[in-house]
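Student:
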Amino acid sequence: MTEDRPPSIEEGLTLGYGYAEKHRDDRLTLGRIARARSAPEVAANVDPAEIPANPIAEQVAFWSGFAHGVKRYLVDEMHVLLDESGR
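Per this note's numbering, the sequence shown runs over residues 32 to 118.
(1) Label Ser69 either buried or exposed according to how many other C-beta atoms from any shown protein chain fall within 10 Å of its C-beta, with 16 as the threshold for buried.
(2) Looking at Ala67 and Val73, is the spacing between their C-beta atoms short of 7 Å?
(3) For Thr60, collect the residues of the same chain with a Cβ closer than 8 Å to its Cβ; drop the 5 residues on either side in sequence, then sort them by chain order.
(4) Do Ser39 and Phe93 have their C-beta atoms within less than 7 Å of each other?
(5) Look at the Cβ atom of Glu89, then the Cβ atom of Pro37, and state whether they are nearer than 7 Å.
(6) Identify the continuous alpha helix (DSSP H) that holds Ala65 and give its terminal residues.
(7) Nearest-angstrom Cα distance between Ala65 and Asn85?
(8) Short check: CB of Val101 to CB of Ala51, under 7 Å?
(9) Establish whether the CB of Phe93 and some CB of chain C are separated by less than 7 Å.
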């Protein structure tokens, strides 16, 4: 697997994962972000104060990465919960 993703996707992944960690108790919103089908739909579910003020060059790539970062967090958390319940 190559790591030739655009910087906007990488930035979105990182920020999305961090956003999900910070808002872990708001599963409803995190689920909406993870299931969003468009960049505007993702952005509409994110608190604008949480996004860097600098302009994002590739909006669609950034928001796609952001949604995937949130989804990755949710999947990681699910694995942790499953591992803990199996003990």
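Think of the CB as a built atom: it goes at the ideal place given N, C-alpha and C, for glycine as much as any other residue.
This one's a predicted model, so the numbers in the text were calculated from it and none came from an experiment.
Tutor: Let's see:
(1) Counting Cβ neighbours within 10 Å, Ser69 comes out exposed, since fewer than 16 surround it.
(2) yes
(3) His54 and Asn76
(4) Contact flag set, yes.
(5) yes
(6) Arg58 to Arg66
(7) 23 Å
(8) yes
(9) In the structure shown, chain C does not exist; there is a single protein chain.
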